[in-house]
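*Asks:* I am attaching a structure below and will ask some questions about it afterwards.
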Amino acid sequence: MAIPHNLLRGGVILLLLALAVAPFWAGNFGIYLIMQVMLLSLFALGFNLLLGYTGLLSFGQAGFFAVGAYVAALILLEVPSLLLGIVGGVLAAGLVALILGYLSVRLTEIYFTMLTLSFGMMIFSIVTRWRAVTGGDDGLTGVPRASLELPFLSIDLSALSSYYYFVLVVTILAVWLMHRIVNSPFGLTLQAVRDSAVRAGFVGLPIRRYRLWSFVIAGLYAGLAGALLAPMERTITPIYSHWIYSSEPVLASLIGGIYAFAGPIVGSVLFIGIKEVVVRSTEYWMLVMGIIVIALVLGFRGGVLGRFQAQQKGD
Amino acid sequence: MEIYLYQGLIGLTYSMYLWLLAAGLSIAFGVLGILNFSHGALFMIGAYLAFTFYGMLGLNFWLAVLLSALSVALLGAVLERFFLRHIYTLDLPFQLLLTFGFVLIFDDLVKMAWGGMFMIPPMPPFLTGSVPLFGRPFPIYNLFILFVGVAVAVGIWLLFDRTWWGRKVRAAAWNREMGSMLGLNVPRLYMVVFMFAAGLAALGGALSIPMRPVTPGLGTAMIIQAFIVAVIGGLGNLRGAFVGAIVVGMLTVYSTMLFPLFELFLPYVVMAAVLLLRPQGLLGGR
Amino acid sequence: MAPLLSARGLVKTFSGMAATDHVDLDIPANRIRGIIGPNGAGKTTLVHLLTGHLLPDTGSITFDGQDITQLPSHERVVRGLCRTFQVVDVFERLTVFQNVQIACITRQRRNLRFLTPSAREAREEVERALNEVGMWEFRHRRAEQLSHGQQRRLDLAVTLATEPRLCFLDEPTSGVSPRERDQMLELIRSLAAARRTTFVIIEHDMQLVFQLCDEVTVMHRGAVLAEGTPKEIQANEAVREVYLGEEV
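If you want it as structure tokens, here you go:
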């Protein structure tokens, strides 16, 4: 069942309209859930640039998420400027990704995955033990939902619905940016590196450099998601850097489809949606998720969107 | 000085658990080519079963440990036969994700069956008590674990190096076509190997129960330790797993003593360093 | 005229065995060279060394007057030295069009454009390259859906899109039908004439080599056994001895 282009465009527009008026139909808990989906989408979009488009499986993305969250929180606790906090968090995550990425892209396959896992857990151990700065196990609390200070006006975002609009706008921009990236010559280059690193080298490409670029962008998106989380939850704890948290974008991308641009987004909706639904009847949502994951790996490796893709590209 | 030697023995004891756990992980990777994310969960299930048989049903300790290992070996057979068999040819991300799916399922199943609290069973009576070593009382149970660890190491070495079966396994390792060309029943061989690996993990878990509380988070905590050990020693390398276990055990114990702030950090640094400087591990690997 | 590619004293050993044993080689521009030899003669290792897939233990390699001995392969491609592989290697999930396109984009150094859509990039160059190998009609097909022979042609198109001065073709007709083999032969011949690309063919198919190549280098046990025109090689005693028992 292929989706005609116009129908797709129409669907996206409807979706955006629905999101634009969400506070009115979803209620506070509803928009809180939608924000969770948006943040996971950003997190997973960055992750999937590495996996689906560049062929690298990182199990340590939570490390960059946490750097974004903690740095944003620390900034906000000092200076009540939302822009500064978010930008600071993103840049910090990007910088850490640059350093760790430079080391990580020297490896491939299982060794790359193991290395990213160890880097992520290194960040976890730092964040857990460095009480003076990160608050240790208790984390940072009371992070202010600072107002957005623009040159001409200051927007108060203390209400959840106001902050929701901020996150919505940022998410839409970030998704648009990622869409441009994956459909650009750069995106094509990453895919070539993924399909055959050797061939890419023999076409004249310095593959390590492009893997590093991909890694940094993934880190920036993880950091953005983390930084946006800080004023939303107002409490940041070490769990956000643990490898278990790193598995969330992995699962979301797998569920939605790693070879589709919107896969991580669809997957995030399903991941959080399934969790919410399951938790209503039983606390054992991991069991349900585990069964879904196994079914997907055994039968539907392209994820939900993979089914549509197969027909669309066609023979 | 004596305290360092004493702590060293404590570290070695911990190393033996790690060895039992990592040996199975290494065997599974070395032969089947699969890095089993759920290996820590198998360790945990072994612990829970042993607790049930020994701590709750009052069975003989040895029987309890044996039954636990055998039950999990059987579970391993099911996992290999119905699930792992289908993913040998898939890309790494999918292999990891399938076994990660197992983790999610086992973690919840354990909670469903035994509840979410932690449990501490009694020590088997003939293994209680301690002997004075290096000026301090050293638990007899620890000596027992040290003995078991070394015995398993020797046993595995004999099994894979000296027996006909071991030779078959090495021939079929990673190369199913080669194995079947040699006339081996590769699918059954793989299943038995995985059963063995799972049983080893469960053995480690079962033996650990008098020493550490059994909790639903045990699996997730142990798998990372297992990865660290296997990477340091060399993925797929059994001797490496033994050495890696000793390194991590000693590192953990000494850093807790000397640099408590870095105790959590150091094993990951060593793991990263090994991956960057010598990815095949300290002992070569495949 | 200095040769386009020169190698002096190349040595590469693996576990004590010399896969490349003090090889000297000169390849002049614009003539089709063939490299042949029995299995294990070291042909592929030599190509690996010349193209940067492997680095030599000792020896030097000069391309277009510049020393490239330690240069990584992607740098050599940028300078105009490239290859295809024995086992055809294409970008499987990309379309035929995209396969060639990535080579063109890289040639034009436009890979870092991350905000513009790639769909229209280098369209003319891609069309030209695909037409040269007769694959334009398949441009929307994914590379993994092509037949083996089609993939070989695509591989060639991608390689040519990097606008090489010198191109190693490693067993370009292995695994293709006899008809496709003849097509490939014609293709290489016309491409060599039309573009100013020097081809070096590594082959088992002696007939193809003798039909196509201006000069032939024969390798044996990692060293150069003989060099000359196809006629000279066919008459060479040492070569015949080495091939005794081999299918010619």
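Order-wise, the sequence lines are chains A, B and C.
Heads up: the first sequence begins at 1 in the numbering used here, then just goes up one per residue.
Heads up: the second sequence begins at 1 in the numbering used here, then just goes up one per residue.
Heads up: the third sequence begins at 1 in the numbering used here, then just goes up one per residue.
For glycine and all other residues, C-beta sits at the position ideal for the given N, C-alpha and C.
Please work out which residues of its chain come closer than 8 angstroms, Cβ to Cβ, to B:Phe29, disregarding the five sequence neighbours upstream and downstream, and give them in chain order.
*Replies:* For B:Phe29, where only same-chain residues beyond five positions count, the Cβ hits under 8 angstroms are Leu35, Asn36, Ala230, Leu235, Gly236.
*Asks:* Give me the Cβ distance between C:Ser147 and C:Gln86, rounded to the nearest whole Å; I'm assuming they're in contact under 8 angstroms.
*Replies:* In fact, because the Cβ distance is near 18 angstroms, the residues do not count as touching under 8 angstroms.
*Asks:* Quick check on B:Arg286: buried or exposed, where buried means 16 or more other Cβ atoms within 10 Å of its Cβ?
*Replies:* The predicted position of B:Arg286 is uncertain, since its pLDDT is 43 and thus under 50; no value can be drawn from it.
*Asks:* Is it true that the CB of B:Ile45 sits closer than 8 angstroms to the CB of B:Gly204?
*Replies:* Not in contact: B:Gly204 and B:Ile45 (Cβ atoms no closer than 8 angstroms).
*Asks:* Taking Cβ to Cβ, would you say C:Thr159 is nearer than 8 angstroms to C:Arg33?
*Replies:* Their beta carbons are not under 8 angstroms apart, which means C:Thr159 does not touch C:Arg33 by this criterion.
*Asks:* Could you spell out the range, first to last residue, of the alpha helix (DSSP H) harbouring B:Glu263?
*Replies:* Premise fails: B:Glu263 is in no alpha helix (DSSP H) and is neither H nor E.
*Asks:* Using a threshold of 8 angstroms, state whether the C-beta atoms of A:Val304 and A:Ile258 are closer than that.
*Replies:* Contact flag unset, no.
*Asks:* Identify every residue that forms a DSSP beta bridge with B:Pro132.
*Replies:* Answer by DSSP bridge pairing, in chain order: B:Pro137.
*Asks:* Expressed to the nearest angstrom, what Euclidean distance is found between the alpha-carbon atoms of C:Glu180 and A:Ser214?
*Replies:* Their backbone Cα atoms lie some 40 angstroms apart in a straight line.
*Asks:* Output needed for C:Asp214: all residues of its chain with C-beta closer than 6 angstroms, excluding positions within five of it in sequence on either side, in chain order.
*Replies:* These residues qualify, in order along the chain: Arg31, Ile32.
*Asks:* Quick check: the Cα distance between B:Phe126 and A:Ala62, rounded to an integer number of angstroms?
*Replies:* Going from the Cα of B:Phe126 to the Cα of A:Ala62 covers about 46 angstroms.
*Asks:* Is A:Ile291 close to chain B? Criterion is C-beta to C-beta, closer than 8 angstroms.
*Replies:* Answer yes: the Cβ-Cβ gap between A:Ile291 and chain B drops below 8 angstroms somewhere.
*Asks:* Out of A:Thr235, A:Gly204, A:Ser268, point me to the one whose CA is closest to C:Arg79's CA.
*Replies:* Of the listed residues, the one whose Cα sits closest to C:Arg79 is A:Gly204.
*Asks:* Let me check one thing: in DSSP terms, what residues is C:Arg33 bridge-paired to?
*Replies:* In DSSP, C:Arg33 forms a bridge with C:Val200, C:Glu215.
*Asks:* Would you kindly work out how many angstroms separate the C-alpha atoms of A:Asp315 and C:Cys104, rounded to a whole number?
*Replies:* In this prediction, A:Asp315 has a pLDDT of 33, which is less than 50 and means its spatial position is unreliable; nothing more can be read from the coordinates.
*Asks:* Using the Cα positions of B:Met195 and A:Gly101, report the straight-line distance between them to the nearest angstrom.
*Replies:* Whole-angstrom Cα-Cα distance: 38 angstroms.
*Asks:* Looking only at C-alpha atoms, which of C:Ala157, C:Leu4, C:Pro72 sits nearest to C:Arg128?
*Replies:* For C:Arg128, the nearest C-alpha among the options comes from C:Ala157.
*Asks:* Between the Cα of C:Thr106 and those of C:Val200, C:His74, C:Asp155, C:Gly59, spot the shortest distance and give me the residue it belongs to.
*Replies:* Considering only alpha carbons, the answer is C:His74.
*Asks:* Mark C:Phe168 as exposed unless 16 or more other C-beta atoms lie within 10 angstroms of its C-beta, in which case mark it buried.
*Replies:* By the 10 Å Cβ count, C:Phe168 comes out buried.
*Asks:* Tell me the DSSP secondary structure of C:Arg120 in three-state form.
*Replies:* C:Arg120 falls in the coil class under three-state DSSP.
*Asks:* Here's a check: name, in chain order, each residue in its chain whose Cβ is nearer than 7 angstroms to the Cβ of B:Ile232, leaving out the five neighbours to either side.
*Replies:* If we look at B:Ile232 and ignore the five residues flanking it on each side, its Cβ neighbours are Gly244, Val247, Val248, Val270, Met271, Val274, Gly281, Leu282.
*Asks:* Residues of chain B with a CB under 7 angstroms from the CB of A:Phe119: which are they?
*Replies:* What A:Phe119 touches in chain B: Ala272.
*Asks:* Just to make sure I have the definition right: I need the residues of chain B whose C-beta is within less than 9 angstroms of the C-beta of A:Thr113. Which are they?
*Replies:* Per Cβ cutoff of 9 angstroms: Leu35, Leu92, Pro93, Leu96.
*Asks:* Using the beta-carbon of each residue, which ones in chain C are nearer than 7 angstroms to A:Val175?
*Replies:* The contacting residues do not exist; A:Val175 stays about 14 angstroms from chain C at best.
*Asks:* Along the chain, where does the alpha helix (DSSP H) containing A:Ile292 start, and where does it finish?
*Replies:* 285–299 is the span of the alpha helix (DSSP H), which, as asked, contains A:Ile292.
*Asks:* Which term fits A:Met1, buried or exposed, when burial requires 16 or more other beta carbons within 10 angstroms of its beta carbon?
*Replies:* Note that A:Met1 has pLDDT 47, beneath the 50 cutoff, so the model's placement of it is unreliable and no number is given.
*Asks:* Does A:Thr128 have its Cβ less than 8 angstroms from a Cβ in chain B?
*Replies:* Taking Cβ atoms only, chain B reaches closer than 8 angstroms to A:Thr128, which makes this a yes.
*Asks:* Answer yes or no: does any C-beta atom of chain A fall closer than 8 angstroms to that of B:His39?
*Replies:* No, its Cβ sits nowhere closer than 8 angstroms to a Cβ of chain A.
*Asks:* Let me make sure I understand the geometry here. Which of C:Leu71, C:Thr162, C:Ala143 has the alpha-carbon closest to that of C:Leu154?
*Replies:* Nearest option by C-alpha distance: C:Ala143.
*Asks:* Over the uninterrupted alpha helix (DSSP H) stretch that includes B:Ile105, give me the two end residues.
*Replies:* Looking at the DSSP string, the run of the alpha helix (DSSP H) that includes B:Ile105 is 92–114.
*Asks:* Out of B:Ala226, B:Pro216, B:Ala201, B:Leu264, state which residue places its alpha-carbon closest to the alpha-carbon of B:Leu75.
*Replies:* Taking only the C-alpha atoms, the option nearest B:Leu75 is B:Ala201.
*Asks:* Determine, using beta carbons only, whether A:Pro4 comes closer than 8 angstroms to chain C.
*Replies:* Not closer than 8 angstroms to any Cβ of chain C, the Cβ of A:Pro4 fails to qualify, so no.
*Asks:* Using CA atoms only, rank isn't needed, just tell me which of C:Thr44, C:Gln101, C:Glu132, C:Arg113 is closest to C:Ser190.
*Replies:* Of the candidates C:Thr44, C:Gln101, C:Glu132, C:Arg113, the one whose C-alpha sits nearest the C-alpha of C:Ser190 is C:Glu132.
*Asks:* Taking 8 angstroms as the CB-CB cut-off, is C:His48 touching chain A?
*Replies:* No, C:His48 does not count as interfacial toward chain A.
*Asks:* For the structure I just gave you, are there three or more beta carbon pairs, one from the segment 217–228 of chain B and one from the segment 128–143 of chain B, closer than 8 angstroms?
*Replies:* The answer is no - the segment 128–143 of chain B does not touch the segment 217–228 of chain B, with fewer than three Cβ pairs under 8 angstroms.
*Asks:* Against chain B, which members of the segment 32–50 of chain A pass a CB distance test of less than 8 angstroms?
*Replies:* From the segment 32–50 of chain A, no residue has a Cβ closer than 8 angstroms to chain B.
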